[in-house]
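Heads up, the thing below is written out as structure tokens.
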Amino acid sequence: MKNPMLEAVSLWLEKLLLISNFRLFSWDSPGGDKEQKGFYEVSSFLRGDVLEVPRTHLTHYGIYLGDNRVAHLMPDILLTLTDHKGRTQNVVSNKRLILGVIARVASIRVDTVEDFAYGAHILVNHLDETLKKKALLNEEVAQRAEKLLGVTSYSLLWNNCEHFVTYCRYGTPISPQADKFCEIVKIIIRDQRSVLASAVLGLVCVIWMGLASYTTLPAIFIPFCLWMVG
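Written out as structure tokens, the structure is:
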């Protein structure tokens with residue numbers, strides 16, 4: 006049985022991460038208003054390679070399947086509205102991506118290298134160096150990715166594109182990006198100034214909205230929890 010408090014904290018962290026990286030989805034996502042084209046030496050990619058595309062704040066990952074095809078996990082709200090493959094297979098637009106993150110629905114899909122990268126520079130197997138983990142054989146990596154193709158749930162913290170590629174490449178789903186974000190949140194929470202800031206904000210809400218359970222309880226509970234964990 007899941008802990009309601011842990012689920013609430015997880016949801017809060019995911020929304021905070023979404024807000025903090027809003028520029029990523031607005032400016033650098035596939036399907037944006039500004040069309041970008043790039044030329045990629047796909048002949049240098051091997052089946053099973055991890056392709057990494059740096060963005061403004063985050064990094065997007067995919068598994069190269071050969072023949073100019075990349076499997077990657079992408080949030081997409083359209084998946085909840087239709088099962089028409091002709092529509093959902095189109096490059097995911099900014100609005101579809103953002104709403105997909107909020108709705109927590111995604112798919113592990115196959116796109117061309119150009120559509121996957123959207124004009125950005127591609128790094129190959131860079132995770133091998135940063136994580137210092139032993140990779141599985143390339144063919145096994147590709148086969149793992151192909152078996153996972155299809156609709157899946159999405160979570161910025163627990164099931165994102167990095168979890169997908171690390172599972173395929175190393176056998177364990179991990180996301181250093183999400184871990185780094187959680188460490189930053191821990192630092193903020195442990196800072197005693199956060200207690201004061203939350204107490205002041207709670208007091209302002211009580212004064213502005215009046216004494217009610219939905220204002221008074223959070224105004225007391227949140228600063229108290231921050232003080233206890235600080």
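Residue numbers (our numbering): 6 to 235.
C-beta: ideal position from N, C-alpha, C; glycine also.
Source: prediction; values computed, not measured.
{"Query": "Just verifying my parser: in three-state terms, what is the DSSP assignment at V55?", "Result": "strand"}
{"Query": "For S160, name the three-state secondary structure that DSSP assigns.", "Result": "strand"}
{"Query": "I'd like the ranges of any alpha helix (DSSP H) spanning at least 4 consecutive residues and lying wholly in the region 88–130.", "Result": "90–93, 99–108 and 118–122"}
{"Query": "Could you check if P35 is buried or exposed, using at least 16 other CB atoms within 10 Å of its CB as the buried criterion?", "Result": "With a pLDDT of 49 at P35, under the threshold of 50, the modelled position of that residue is not reliable, and the figure given next carries that caveat. Classification for P35: buried."}
{"Query": "Quick one: grab the DSSP three-state call for R60.", "Result": "coil"}
{"Query": "Could you compute how far the alpha carbon of W163 sits from the alpha carbon of L154?", "Result": "18 Å"}
{"Query": "Suppose you measure from the CA of L56 to the CA of H126; what does that come to, to the nearest Å?", "Result": "10 Å"}
{"Query": "Check whether the region 103–123 touches the region 75–86, counting contact only when three or more Cβ pairs, one atom from each stretch, lie closer than 8 Å.", "Result": "yes"}
{"Query": "Spell out the partners DSSP gives H65 in its beta bridges.", "Result": "V58"}
{"Query": "Helix, strand or coil for P181 per DSSP?", "Result": "helix"}
{"Query": "Around the Cβ of R92, are there at least 16 other Cβ atoms within 10 angstroms (buried) or fewer (exposed)?", "Result": "exposed"}
{"Query": "For D54, which residues in the same chain have their Cβ closer than 6 Å to its Cβ, ignoring the five residues on either side in sequence?", "Result": "Y69, V129 and N130"}
{"Query": "Could you pull the DSSP bridge partners for R74 from this structure?", "Result": "G71 and T117"}
{"Query": "Give me the DSSP bridge partner(s) of G155.", "Result": "I113"}
{"Query": "Since I believe T117 is in contact with N1 (beta carbons under 8 Å), could you give me their beta-carbon distance rounded to a whole number of angstroms?", "Result": "A query on residue 1 cannot be resolved here, the shown segment of the chain reaching from 6 to 235 and no further."}
{"Query": "Leaving out five residues on either side along the sequence, give the residues of the same chain with a beta carbon under 8 Å from the beta carbon of E237.", "Result": "Nothing can be reported for residue 237: it is not among the residues displayed for the chain, which extend from 6 to 235."}
{"Query": "Kindly indicate the opening and closing residues of the alpha helix (DSSP H) around F169.", "Result": "C166 to Y175"}
{"Query": "Is it buried or exposed for T171, if we count other Cβ within 10 angstroms and need 16 for buried?", "Result": "buried"}
{"Query": "Anyone know if the C-beta pair for V110 and I82 falls short of 8 Å?", "Result": "yes"}
{"Query": "Under 8 Å, do L161 and V209 count as touching if we go by C-beta distance?", "Result": "no"}
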